[in-house]
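Start counting the sequence shown at 2; every next residue gets the next number (my numbering).
Built from N, CA and C at the ideal position, the CB exists for glycine as well.
Contents: one structure, followed by commentary.
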Amino acid sequence: MGIEITGIGGLILLVLNIWAFVSIIGSHNSTGSKVLWCLLVLVLPLLGFIIWLIAGPRSDSARA
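Quick look at the structure:
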């Protein structure tokens, strides 16, 4: 039973990280900032996603 839960958790984390990458690349920030955020999410998948979610660049629609 533990393997199935771990597999589902990994799949959810993969989907969330892909969403983060798409959002980071689509932002209007500088290229260096995008690269650093992508590296953080890539190297530390769970912690990097959480940090990006809290402190990452916001889209223009969220600021309005």
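Alpha carbon to alpha carbon, how far is residue j from residue i? Give it in angstroms, no decimals.
i, j, result
"Leu-45", "Ala-56", "15 Å"
"Ser-31", "Leu-37", "10 Å"
"Leu-43", "Ile-6", "22 Å"
"Phe-22", "Cys-39", "6 Å"
"Ser-28", "Ile-52", "16 Å"
"Arg-64", "Lys-35", "Low per-residue confidence applies at Arg-64: pLDDT is 47, beneath 50, and the placement is therefore not dependable, though the value from the model is reported in the following sentence. The alpha-carbon atoms of Arg-64 and Lys-35 are separated by roughly 18 Å."
"Gly-33", "Leu-54", "18 Å"
In its own chain, which residues sit with a C-beta less than 7 Å from the C-beta of residue i, not counting the 5 before and 5 after it?
i, result
"Phe-50", "Leu-17, Asn-18, Ala-21, Val-42"
I'd like the list of long-range same chain contacts for residue i, defined as Cβ closer than 8 Å, with 5 residues on each side in sequence excluded.
i, result
"Ile-14", "Rather than Ile, the amino acid found at residue 14 in this sequence is Leu. Only Pro-46, Leu-47, Phe-50 meet the Cβ criterion."
"Ile-26", "Lys-35, Cys-39"
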